[in-house]
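Colleague: Got a structure here, written out as structure tokens. Questions coming.
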Amino acid sequence: MIMILLLLLLLLLLLLLLLLLLLLLLLLLLLLLLLLLLLLLQQLLLLLLLLLLLLLLLQLLLLLLLLLLLLLLLLLLLLLLLLLLLLLLLLLLLLLLLLLLLLLLLLLLLLLLLLIIIILLLLLLLLLLLLLLLLLLLLLLLLLLLLLLLLLLLLLLLLLLLLLLLLLLLLLLLLLLLLLLLLLLLLLLLLLLLLLLLLVLLLLLLLLLLLLLLLLLLLLLLLLLLLLLLLLLLLLLLLLLLLLLLLLLLLLLLLLLLLLLLLLLLLLLLH
């Protein structure tokens with residue numbers, strides 16, 4: 175917005191200078207007419223004075239042309255600065271987009287790793303459960319074989335059989351308790367693994383947040399540098415505008431002097 179306002183100010187100054195040029199051209203035409211009249215009247219002093227006035231007006235025209243050229247150069251510089259600022263903004267946007275894409279890729283990779291780890295853990299748990307079931311079946315078969323042998327060998331000893339049956343029942347209960355303990359241990363291991371995975375994920379998220387904060391700080395520093403550059407450029411432009419205004423005031427004073435000289439000449443002619 176500031177650059178656009180400066181461009182508008184420069185355009186207004188150009189219009190003012192063009193108006194001054196037109197006024198000077200009109201004055202030149204008037205002076206030429208007066209020269210013709212004086213030639214017809216054959217007054218040499220007045221002719222010389224008018225020639226001096228013509229020279230002054232030509233110098234003023236040259237000064238105004240130089241001012242016009244300076245203003246055009248300032249306009250070109252402002253346009254170049256606007257283009258540079260637009261390019262910088264586009265580069266910043268591209269950097270932000272690239273950073274977002276990198277973050278998305280990192281998140282996708284983390285999700286894939288988590289899925290692979292979970293699948294591997296599930297497979298390990300299934301294998302452990304299958305092994306446990308096989309062991310239990312083997313134990314049951316062995317127990318059944320032992321029972322059969324005991325029954326065949328000790329048909330006559332009923333009391334001993336009863337005692338053996340009680341022992342077997344106790345063993346089965348113990349086995350069941352062992353199985354329950356194993357299951358509880360497996361559950362605890364699973365919970366520990368999940369906690370570890372959650373901690374790793376939290377650490378990764380914290381690292382990503384720190385990286386994002388660093389990137390944001392870098393972007394803020396870049397923006398501050400750009401603002402400082404803009405302020406310096408604005409100060410330079412204001413100084414140039416003040417110089418141009420001073421030149422315009424000088425030109426106006428010269429024009430007033432010329433008009434006073436013309437009035438004096440006219441008064442001389444009338445006398």
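Residue 175 is where the sequence shown starts when you use this note's numbering, and the numbers rise one by one after that.
We put the CB at the ideal spot given by N, CA and C, even for glycine.
What span of residues does the alpha helix (DSSP H) with L417 cover, start to end?
Modeller: The sequence position of residue 417 within the sequence shown is 243, counting from 1. Looking at the DSSP string, the run of the alpha helix (DSSP H) that includes L417 is 332 to 444.
Colleague: Would you kindly check if the distance between the Cβ of L428 and the Cβ of L248 is under 8 Å?
Modeller: What you label residue 248 is simply residue 74 of the sequence shown in a count that begins at 1. What you label residue 428 is simply residue 254 of the sequence shown in a count that begins at 1. The answer is no: Cβ separation not under 8 Å.
Colleague: Can you round the beta-carbon distance between L435 and L227 to whole angstroms, since I take them to be within the 8 Å contact cut?
Modeller: The residue you call residue 435 lines up with position 261 of the sequence shown. The residue you call residue 227 lines up with position 53 of the sequence shown. That belief holds up - the Cβ atoms of L435 and L227 are roughly 6 Å apart, short of 8 Å.
Colleague: Quick one: what does DSSP say L329 is sitting in, helix, strand or coil?
Modeller: Stepping through the sequence shown from its first residue, residue 329 is reached at position 155. Coil.
Colleague: Touch check for the stretch 271 to 278 and the stretch 321 to 336: three-plus C-beta pairs under 8 Å?
Modeller: Touching, no, given that fewer than three Cβ pairs across the two stretches are closer than 8 Å.
Colleague: Using alpha carbons as the reference points, say which of L440, L431, L425, L203 lies closest to L240.
Modeller: On the sequence shown, position 66 is the one that residue 240 refers to. Cα-wise, what sits closest to L240 is L425.
Colleague: Pull up the distance between the alpha-carbon of L353 and that of L381, whole angstroms please.
Modeller: Position 179 of the sequence shown, counting from 1, holds the residue named residue 353. Position 207 of the sequence shown, counting from 1, holds the residue named residue 381. Spanning the two alpha carbons is a distance of roughly 42 Å.
Colleague: What is the rounded straight-line gap between the Cα of L231 and the Cα of L201?
Modeller: Within the sequence shown, numbered from 1, the residue matching residue 231 stands at position 57. Within the sequence shown, numbered from 1, the residue matching residue 201 stands at position 27. The alpha-carbon atoms of L231 and L201 are separated by roughly 8 Å.
Colleague: Suppose the cutoff is 6 Å on Cβ atoms and the five residues either side in sequence are ignored; what does the same chain contact list for L235 look like?
Modeller: Translated into the one-based positions of the sequence shown, residue 235 becomes position 61. Taken in chain order, the residues that qualify are L198.
Colleague: My understanding is that L191 touches L250, with C-beta atoms under 8 Å, so please give their C-beta distance in whole angstroms.
Modeller: Taking the sequence shown and counting its residues from 1, the one referred to as residue 191 is at position 17. Taking the sequence shown and counting its residues from 1, the one referred to as residue 250 is at position 76. Not quite, the Cβ-Cβ distance comes to about 16 Å (not below 8 Å), so this is no contact.
Colleague: What does the Cβ neighbour count give for L297, buried or exposed, with the cut at 16 atoms within 10 Å?
Modeller: Counting from 1 along the sequence shown, the entry for residue 297 is found at position 123. Burial call: exposed.
Colleague: Report buried or exposed for L440, applying the criterion of at least 16 other Cβ atoms within 10 angstroms of its Cβ.
Modeller: Within the sequence shown, numbered from 1, the residue matching residue 440 stands at position 266. Exposed.
Colleague: Looking at L180: is its Cβ nearer than 8 Å to the Cβ of L252?
Modeller: As a first step, residue 180 must be located in the sequence shown, where it is residue number 6. As a first step, residue 252 must be located in the sequence shown, where it is residue number 78. Contact flag set, yes.
Colleague: Sort L356, L372, L255, L392 by Cα distance to L468 and report the nearest one.
Modeller: Any question about residue 468 goes unanswered here, given that the chain covers just 175 to 445.
Colleague: What do you reckon, are the CB atoms on L410 and L284 nearer than 8 Å?
Modeller: The residue given as residue 410 occupies position 236 in the sequence shown. The residue given as residue 284 occupies position 110 in the sequence shown. Cβ atoms of L410 and L284: not closer than 8 Å.
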